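Residue numbers (our numbering): 4 to 410.
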């Protein structure tokens, strides 16, 4: 029994040894292939891991390079590109406006349609009345009423009616063409013969100096800017003086007009001394050898004596450089008789040499041209016929009358 047990144990041990040899042999056979994978991971994987790690690190480094070397230039590029237009934008609109304003010659004729739209009641109304078969006293009273309603004024109306009576009586038969010709001649004669030139040449070796005065709301500063365009269109160099220091936006508004035509604007602090700014403007004009200096004065109310005295001071200070060549009074044509009151007060303070009638294309009554000339004894030299930059036109009596009565 012990012998059998010993044999069994021996057999078990032998099998165990044999299987161990087989297992270990298999392991030895499997180890070489297992070692290559382990070798591969050991040799290839580590380099592969560094490659993977390198690739992982490279993106980390590349973002740094992208931010520092690529990102910043990319971030700056849009800013540079954005800044370039921002710098060019102010110059782009200025360039075309500086180029060439519309020529002034014949400008009133070109703007005639605007004038005709608002003046039909005067010219065509008179033609209709004069065309009646019988011109009795009632008709002549209607003619007078038409002229007075158009702000022609009492004395000029009486003169015109008397001349029309005489000429119609002599004429006898009245064809439409004859009546139109007759009325045209009489209206042109009523406007009078004046020197309507805007004088901008000084007799001395200094720029011509033009001072623009008027009440706020008449379009005074805008007229000054448009007048600069008129002068530039006529080939003159201009310096603008922003002496209206009591209205906050006046200096900015005038400078905008000046920039459009390449004219330098001399300005001072808000609420500063207007006379000092006017003086500096003329001084600057002399230094730059400009042809003309335009001075925009405060739109002071004609009822304020102190402010009117200030206007007289501006005139006296400017004349230290030389004589004023023009003092233009800007009147709103729609104000009618109130405009005449303003004209009288301004004429007492400064020697008005010419009148600018603005807003003559709106509801204005054309007779104001006659009335204001009679009131001051000075001519209407310029008329405003719209809000466009080149809508300020030299006044031409014939073109004005033709617009009133039509062809």
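Every residue gets a Cβ at the ideal spot worked out from N, C-alpha and C, and that includes glycine. Computed from a predicted structure; not experimentally measured.
For residue i, is the classification buried or exposed, using 16 other Cβ atoms within 10 angstroms of its Cβ as the cut-off for buried?
i           : result
residue 313 : buried
residue 242 : buried
residue 344 : exposed
residue 292 : exposed
residue 98  : Confidence at residue 98 is low in this model, with a pLDDT of 46, below 50, so the placement of that residue is unreliable and no value is reported for it.
residue 222 : buried
residue 174 : exposed
residue 183 : buried
residue 220 : exposed
residue 108 : exposed
residue 396 : buried
residue 208 : exposed
residue 281 : buried
residue 180 : exposed
residue 302 : buried
residue 337 : buried
residue 268 : buried
What is the DSSP secondary structure of residue i, reduced to helix, strand or coil?
i           : result
residue 268 : strand
residue 140 : helix
residue 397 : strand
residue 131 : helix
residue 353 : coil
residue 149 : helix
residue 27  : Unreliable placement is indicated for residue 27, whose pLDDT of 39 sits below 50; the coordinate value is still reported in the next sentence. Looking at residue 27 - three-state DSSP - the assignment turns out to be helix.
residue 211 : strand
residue 217 : strand
residue 381 : coil
residue 68  : Only weak support is given to the placement of residue 68: the predicted model assigns it a pLDDT of 48, under 50, and the question is left unresolved by the model.
residue 246 : coil
residue 387 : strand
residue 361 : strand
residue 105 : coil
residue 164 : helix
residue 407 : helix
residue 95  : Since pLDDT at residue 95 reaches only 43, below the 50 mark, its modelled position is unreliable, and no value is offered.
residue 114 : coil
At a threshold of 7 Å, does residue i count as lining the ligand PLP (C-beta to nearest heavy atom)?
i           : result
residue 107 : Annotation note on the ligand PLP: not contained in the displayed structure, which lists no ligands.
Leaving out five residues before and five after residue i in sequence, what residues of the same chain have Cβ atoms less than 8 Å from its Cβ?
i           : result
residue 205 : 211, 212, 325, 326, 328
residue 150 : 125, 129, 159, 160, 163, 164, 370
residue 235 : 104, 241, 264, 265, 266
residue 315 : 352, 353
From residue i to residue j, what does the alpha carbon distance come to, in whole angstroms?
i           : j           : result
residue 350 : residue 136 : 45 Å
residue 134 : residue 172 : 13 Å
residue 287 : residue 166 : 52 Å
residue 275 : residue 389 : 32 Å
residue 198 : residue 383 : 9 Å
residue 260 : residue 228 : 5 Å
residue 364 : residue 392 : 15 Å
residue 357 : residue 127 : 29 Å
residue 278 : residue 346 : 22 Å
residue 203 : residue 178 : 45 Å
residue 400 : residue 381 : 14 Å
residue 375 : residue 335 : 11 Å
residue 362 : residue 140 : 35 Å
residue 170 : residue 138 : 13 Å
residue 341 : residue 368 : 13 Å
residue 409 : residue 110 : 17 Å
residue 142 : residue 339 : 25 Å
residue 200 : residue 333 : 16 Å
residue 355 : residue 330 : 5 Å
residue 106 : residue 196 : 24 Å
residue 284 : residue 323 : 12 Å
residue 187 : residue 112 : 16 Å
residue 152 : residue 192 : 20 Å
In its own chain, which residues sit with a C-beta less than 6 Å from the C-beta of residue i, not counting the 5 before and 5 after it?
i           : result
residue 239 : 294, 295
residue 185 : 170
residue 289 : 209
residue 66  : Here residue 66 scores only 46 on pLDDT, less than 50, and its place in the model is too uncertain to base an answer on.
residue 311 : 352
Does the distance from the C-beta atom of residue i to that of residue j stay below 8 Å?
i           : j           : result
residue 217 : residue 377 : no
residue 258 : residue 270 : yes
residue 403 : residue 385 : no
residue 244 : residue 297 : yes
residue 256 : residue 226 : no
residue 387 : residue 348 : no
residue 300 : residue 254 : no
residue 372 : residue 194 : yes
Leaving aside the five residues before and after residue i along the sequence, list all residues of the same chain whose C-beta is less than 7 Å from its C-beta, in chain order.
i           : result
residue 318 : 214, 327, 353
residue 273 : 248, 251
residue 231 : 241, 243, 260, 261, 264, 266, 297
residue 147 : 160, 164
Indicate whether at least one CB of chain C lies closer than 8 Å to the CB of residue i.
i           : result
residue 199 : In summary, chain C is missing from the structure at hand, where a single protein chain is found.
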